[in-house]
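Here is the structure we will look at.
As structure tokens, then:
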């Protein structure tokens with residue numbers, strides 16, 4: 343399998359080379375040159391998420407040096423499950439993706455990428471610095487995945503004051519080879535600077551760099567696995583496709599679902615819920631795509647005004663009209679998020695994080711508007727544990743949210759983050775000294 347740039351002006355690479363590069367030389371994102379096709383029967387005998395991931399991802403590793411390592415990579419990455427539970431409302435389920443070490447869906451991809459990177463041969467005697475921009479959850483997942491790994495350092499860029507207190511504590515709690523940098527700006531500034539660093543050939547010559555953001559194939563590909571497993575379980579039970587309502591900001595998690603569907607998995611409608619950052623709803627509503635300055639919301643992991651993975655979406659659907667027909671997309675403001683959290687807890691005892699609440703509200707709105715797409719089985723994608731947002735959720739439900747043991751362990755550690763100016767030159771200086 344070869345990988346090409348979304349912008350079409352870079353040579354095709356094998357998987358290992360594309361993982362090492364992160365971003366294509368022309369500034370595009372790497373995508374598979376072709377997509378394999380599966381049927382549900384192809385997954386017969388798969389026992390658990392690791393087995394499903396191995397079978398799903400095998401064609402993407404064909405011909406690469408990592409192909410023989412794929413079973414071991416899957417076993418080391420997928421050590422926790424992604425359970426699909428029924429909700430109180432008929433035909434609805436919740437796909438819980440927060441059972442990893444940092445209580446967010448980013449753990450799946452970050453651990454898979456780290457397992458891949460450990461196995462890639464490197465000739466440099468200098469450590470590889472993984473540069474990651476985060477709007478809240480990515481940085482902690484990457485920090486946990488690479489903490490203590492010989493030959494690696496991690497530089498986490500996050501927008502100062504625009505993540506939850508517990509998210510901020512996680513980001514600074516690893517120490518050792520993981521460094522947190524609190525940027526005087528928004529997530530889009532962090533993302534812009536990280537991309538500049540990855541595209542800076544002279545910097546990479548003195549300080550080897552890699553990426554663990556969702557622009558990396560090592561993050562994107564494994565996230566297909568939990569959509570495959572959930573949809574296959576639904577198919578085996580009811581012989582019908584499973585629809586997904588996905589909270590999204592940078593579109594990485596959503597594109598993983600789109601890719602899984604394009605590969606033939608039994609996935610139906612895909613609905614995209616955003617917060618008050620409405621660049622995607624504007625596009626799907628008919629406007630030209632235009633990045634916008636991000637605004638701070640209580641669903642901060644989705645505070646993105648320039649979603650990187652939009653390039654991958656338009657690669658899959660180059661015709662804008664066809665792309666708009668394929669997806670439902672809507673924006674949910676903070677007050678509606680709060681009301682959804684209050685109402686679902688009051689009626690059903692469900693405790694939702696702010697991001698999950700956006701997906702719940704979108705599905706409720708589709709049904710209220712009589713959408714025929716909302717009549718079938720749906721899975722709400724729950725991307726983070728509500729305990730990461732205790733200062734938001736607990737006042738709304740009037741009860742404490744139990745903290746998962748892995749999150750409690752991180753919160754018990756001391757945390758530190760260094761201030762960084764919203765300026766690429768400042769980041770370049772920091773990385774050159776790594």
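Numbering (my numbering), first residue to last: 343 to 776. Yeah, the Cβ is synthetic: ideal placement off N, Cα and C, and Gly gets one too. Since this is a predicted model, take the numbers as computed values, not measurements.
Counting only runs of at least 3 residues, the region 431-466 fully encloses the following beta strand (DSSP E) elements, listed from N- to C-terminal order: 434-438. Between residue 621 and residue 632, the C-beta gap is smaller than 8 Å, which places the two residues in contact. For residue 367, no beta strand (DSSP E) encloses it, and the DSSP letter there is neither H nor E.
In the DSSP assignment, residue 614 falls within the unbroken beta strand (DSSP E) covering 609-616.
Per the C-alpha coordinates, the member of 501, 673 and 549 positioned closest to residue 534 is 501.
Judged by DSSP in its simplified three-state form, residue 652 adopts helix. Taking 8 Å as the cut-off, the beta carbon of residue 444 is found no closer than this to the beta carbon of residue 386.
Pairing residue 412 with residue 403 gives a Cβ-Cβ distance under 8 Å. DSSP, read as helix, strand or coil, puts residue 721 in strand.
Our two residues, residue 696 and residue 467, have alpha carbons roughly 44 Å apart in a direct line.
Counted as a single uninterrupted DSSP element, the stretch harbouring residue 349 is not any beta strand (DSSP E), since DSSP gives it neither H nor E.
In this model, residue 353 and residue 611 are separated by some 34 Å (Cα to Cα). The beta-bridge partner set that DSSP reports for residue 646 is empty. Here the alpha carbon of residue 453 sits roughly 15 Å from the alpha carbon of residue 408. Rounded to whole angstroms, residue 361 and residue 374 show a C-alpha spacing of 12 Å. Here residue 529 carries a helix assignment [DSSP, helix/strand/coil]. Just so you know, the alpha carbons of residue 421 and residue 703 end up roughly 31 Å apart. Residue 636 is positioned such that its CB atom lies no closer than 8 Å to that of residue 608. Taking the Cβ atoms as the reference, residue 674 lies roughly 18 Å from residue 739, outside the contact range of under 8 Å. DSSP, reduced to helix, strand and coil, places residue 553 within a strand of the structure shown.
Residue pairing from DSSP places residue 521 in a beta bridge opposite 497.
Counting only runs that start and end inside the region 573-643, the alpha helix (DSSP H) elements of at least 4 residues fall at 594-604 and 621-626. Put simply, of 767, 472, 503 and 729 the residue whose alpha carbon is nearest the alpha carbon of residue 556 is 472. Cα atoms of residue 568 and residue 724: separation of roughly 12 Å, rounded to the nearest angstrom.
Closest by C-alpha distance to residue 649, out of 595, 591 and 586, is 591. Secondary structure at residue 393: helix, using DSSP grouped into helix, strand and coil. In the DSSP assignment, residue 773 falls outside any beta strand (DSSP E) and lies within the alpha helix (DSSP H) extending over 766-774. For residue 760, the secondary structure class from DSSP, reduced to helix, strand or coil, is strand. Between the alpha carbons of residue 483 and residue 438 lies a gap of roughly 16 Å.
Each residue's CA atom was taken as its position, placing residue 634 and residue 490 some 37 Å apart. In the DSSP annotation of this structure, the continuous segment of the alpha helix (DSSP H) that includes residue 488 starts and ends at 480-488.
Distances from the alpha-carbon of residue 644 to those of 628, 349, 589 and 671 put 589 closest. One alpha carbon belongs to residue 442, the other to residue 730, and they sit about 13 Å apart. Counting only residues of its own chain and dropping the five nearest sequence neighbours on each side, residue 456 has a CB closer than 7 Å to the CB of 487, 488 and 491. In the DSSP assignment, residue 471 falls within the beta strand (DSSP E) that extends over 470-475. Within the DSSP bridge table, the entry for residue 355 names 345 as partners.
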